[in-house]
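Q: Residues 5 to 712, numbered by this note's numbering, are exactly what the sequence shown covers, in order.
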Amino acid sequence: MKIITYPGNPFPLGATWDGKGVNFALHSENATAVDLCLFDAKTGKEKRVRVKEMDNRIWHVYIPKLRPGQLYGYRVYGPYEPQNGHRFNPNKLLIDPYAKALSGRVEWHNAIFGYEVGHPDEDFSFSEEDSAPYVPKSVVIDPRFNWEHDQSPKIPYHQTIIYETHVKGFTQLHPEIPEEIRGTYSAIAHPVTIQYLKKLGITAIELMPVHHFVNDGFLRAKGLSNYWGYNTIGFFAPDIKYSKSGNFGGQVREFKTMVKELHKAGMEVILDVVYNHTAEGNHLGPTLSFRGIDNASYYRLAEDKRFCFDYTGTGNTLNAMMPPVLRLIMDSLRYWILEMHVDGFRFDLASTLARELHEVDRLGSFFDIIHQDPVISQAKLIAEPWDIGEGGYQVGNFPPGWAEWNGKYRDCMRDYWRGAESMLSEFAERFTGSPDLYKNDYRRPTASINFITAHDGFTLHDLVSYNEKHNEANGENNNDGETHNRSWNCGVEGPSDDENIMALRNRQKRNFLTTLLLSQGVPMLVAGDELGRTQHGNNNAYCQDNEISWINWEKADQDLLGYTQKLIHFQKAHPVFCRRRWFKGQPIKGSEVEDIAWFLPEGFQMTEQNWRQDFAKSLGVFLNGKALRAEGPQGEHLVDNNFYIIFNAYDGELPYVLPREEFGSRWIKVIDTYENYIDDESGEYFSAGEPITVHGRSVVVLKESVES
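(1) Spatial neighbours of residue 709 within its chain, please: CB distance less than 6 Å, with the 5 preceding and 5 following residues excluded, ordered by chain position.
(2) Locate the alpha helix (DSSP H) running through residue 434, then write down its first and last residues.
(3) With 16 as the cutoff for other CB atoms within 10 Å, does residue 290 come out buried or exposed?
(4) What are the uninterrupted segments assigned as alpha helix (DSSP H) that are 4 or more residues long and contained completely in the stretch 483-528, given in chain order?
(5) Is residue 228 helix, strand or coil by DSSP?
(6) Taking only three categories from DSSP, how would you classify residue 712?
(7) For the stretch 34-94, which segments carrying the beta strand (DSSP E) assignment without a break, of at least 3 residues, lie completely within its bounds, in sequence order?
(8) So the candidates are 419, 84, 610; which of them puts its Cα closest to the Cα of residue 491?
(9) What do you reckon, are the CB atoms on residue 103 and residue 298 nearer than 9 Å?
(10) Using a 10 Å radius around the Cβ and a threshold of 16 neighbouring Cβ atoms, would you call residue 8 buried or exposed?
(11) Is it buried or exposed for residue 153, if we count other Cβ within 10 angstroms and need 16 for buried?
(12) Using the Cα positions of residue 661 and residue 608, report the straight-line distance between them to the nearest angstrom.
(13) Excluding sequence positions up to five away, which residues of its chain have a Cβ less than 6 Å from the Cβ of residue 524?
(14) Between which two residues does the beta strand (DSSP E) carrying residue 454 extend?
(15) Using only CA atoms, which one of 681, 685, 676 lies nearest to residue 702?
(16) Assuming residue 690 and residue 626 make a contact with CB atoms under 8 Å, what is their CB distance in whole Å?
(17) Report buried or exposed for residue 481, applying the criterion of at least 16 other Cβ atoms within 10 angstroms of its Cβ.
(18) Rounded to whole angstroms, what is the Cα-Cα separation between residue 62 and residue 489?
(19) Looking only at its own chain, which residues have a Cβ that is under 7 Å from the Cβ of residue 555, when we skip the five neighbours before and after it?
(20) Would you mind working out which of 390, 333, 348 sits nearest residue 369, comparing C-alpha positions?
(21) To the nearest whole angstrom, what separates the beta carbons of residue 475 and residue 484, a pair I think is in contact under 8 Å?
(22) Bridge partners of residue 624, per DSSP?
(23) Say whether the stretch 116-136 touches the stretch 227-239, bearing in mind that this needs 3 or more beta-carbon pairs closer than 8 Å, one atom from each stretch.
(24) Check whether the stretch 210-221 and the stretch 574-582 touch, using three or more Cβ-Cβ pairs below 8 Å as the test.
(25) How would you label residue 395, buried or exposed, when you count the other beta carbons within 10 angstroms and need 16 or more for buried?
(26) With 16 as the cutoff for other CB atoms within 10 Å, does residue 463 come out buried or exposed?
(27) If you count every other CB in all the chains shown that lies within 10 Å of the CB of residue 516, and 16 or more means buried, which is it?
(28) Would you report the Cα separation of residue 505 and residue 469, rounded to the nearest angstrom?
(29) Count the other CB atoms, across all protein chains shown, that sit within 10 Å of the CB of residue 151; report buried if there are 16 or more and exposed otherwise.
(30) Assuming contact is defined by CB atoms lying nearer than 9 Å, are residue 529 and residue 132 in contact in what I supplied?
(31) Would you tell me roughly how many angstroms separate the C-alpha atoms of residue 416 and residue 40, rounded to the nearest one?
(32) Between residue 586 and residue 629, what straight-line distance do the alpha-carbon atoms span, to the nearest angstrom?
(33) Which residues bound the beta strand (DSSP E) around residue 214?
(34) Helix, strand or coil for residue 331, going by three-state DSSP, please let me know.
(35) Which whole-angstrom value describes the C-beta separation of residue 526 and residue 407, a residue pair presumed to lie in contact below a C-beta threshold of 8 Å?
(36) With DSSP run on the structure shown, which of helix, strand or coil describes residue 350?
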């Protein structure tokens, strides 16, 4: 049967169903011809339609009577000249970069490569083998969905608690989640999951990559798989790996349902996104989409255009300098906000997106366009502020409107609690929101996303249990992963039955969590750290889609979970720990007491000489709850209790003299990590100038008592 076609429109890009038919639009700067390929879902039979219309290098066609669920792809014609950056090969079926859903996954077969694998001329050879049986098909979707008046919770940064998690890893072994939905978006939306997150105190769930990604061929050959998902091929499509609703568009509805349920519970959804590269790898990688549509436009090419620049360690870098690529990224972000209702993004290797030529330009076109976009600029925008290229470490250098994963916070706090030589002045900077990084750029403490651990690296349990990485299961002779982890095993490498070592490790976990939650900035927890999750010393479990990475709910540390729950709710109850504005270090009006003050164990305030010492491991911090300089949601003046926090990283106990009476005449102990104690109402009382015994490697928090 002959397929009827109309000219259609160049916008919007992708496949758009209007109730009567489907408009297809594809951008290719250098193509000479384009075929739209339609596939029968039952038989797999392919019908090709020549796309005859082209405006401003956008190829478009409209086909009446097509409906959602239609499978399609493209074959794009043009020169095959690797030396000039062109790799067109119409024998390769190509995924629509704007596909809203994909059906199937990449099957690693020689046919998916544009050249003849094993040929002596490598990629200068030309493959005539059809790749269609081995490449996912793009899917026309029905965008209609009953959102039930869904709205973003719009939680301010200073009230945000981020929980980084993996859709499958969080739910795969949960005994209270129905087995048939474990590992899926539906499992994240399940009442058991939502109840757990609410009880913990989480306000934003940050999902590791859910854009459709490719399972690497070299991992499959070793019997492993890409678990983390930083290998995107579909920037608009939720990955079917996490869907129980089929792969003909059901995954879109399932994802939307997950977001809606999380919003109902008052939680935001942040996506970890990978716009810096694609799954097509280097010049010897497969031809799946962008490479075959227009390699020279989509990728950053070297002087020898056969090769890609690689700022990402994956073989290629998307060329965000090119308007069509920049538009693709912006359209994707806008789609996930407007159509999928997500609340923010964490940008993997964000420095890559800032590179105008080879330098990292913090005011590059990528940031300019986001800043002026009325939709994207209002979402939570979080940068991983580094890449592997020269000059790529850009912590503190992103523009206003952006928050950053603060790697300096992580390193400082790890060093402090493991007893490494470090400056107290740096501890003070990190604890107060890193003003040295953000204050002079008109940003606030909430620009700092504070974390001790992340998906990449040791879990919290392993951070206090291993000095060295143990990545043998990855099949790379333990050569992968970070070597300098700033970890400390507390005396024995790995598991131990020694009660003293176990007690020290548990206390160190509480020290890290307490420091994190009481620091200014936005705290980020990694799923399972509150449960004592271990990866058995593997600090690069990117390829471990198994029990190494999944949360084992049956072995959860309930004591640590209870402590973490109390700690988070304690932090949320006291605005002094989540300030919107910087400390000034000055007395407030009508008082000689500063908004923050720093003390030695003897009860005296620190001097400049004390700050320059790199061997001091103990300090006291006074926080003035009457000096918040902030208003509440209704314009009310915010005040809080005064607090005195003692950090002791020495291995022995210290007598700590409390400050003189003007800072507080009577104090109640509300947190003691040595005693595994949190109670905001009842505890031991102390008076001004009285000594308090602080055990080795512990944190004590005192609240000023207003009772007589």
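All C-beta atoms, glycine included, are put in the ideal place defined by N, C-alpha and C.
Keep in mind it's a predicted model, so treat the numbers as computed, not measured.
A: In short:
(1) 670, 672
(2) 428-435
(3) buried
(4) 503-522
(5) coil
(6) Any reading at residue 712 needs caution, since the residue's pLDDT is 43, under 50, leaving its predicted position unreliable; the model's value is listed next. It is coil, neither helix nor strand.
(7) 37-43, 50-55, 57-59, 62-68, 75-81
(8) 419
(9) no
(10) exposed
(11) exposed
(12) 9 Å
(13) 436, 437, 449, 583
(14) 452-454
(15) 676
(16) The Cβ separation is near 14 Å, so there is no contact.
(17) exposed
(18) 48 Å
(19) 173, 174, 177, 531, 532, 535, 537
(20) 333
(21) 6 Å
(22) 603, 650
(23) no
(24) no
(25) exposed
(26) buried
(27) buried
(28) 9 Å
(29) exposed
(30) no
(31) 54 Å
(32) 13 Å
(33) From DSSP, residue 214 is part of no beta strand (DSSP E); its letter is neither H nor E.
(34) helix
(35) 6 Å
(36) strand
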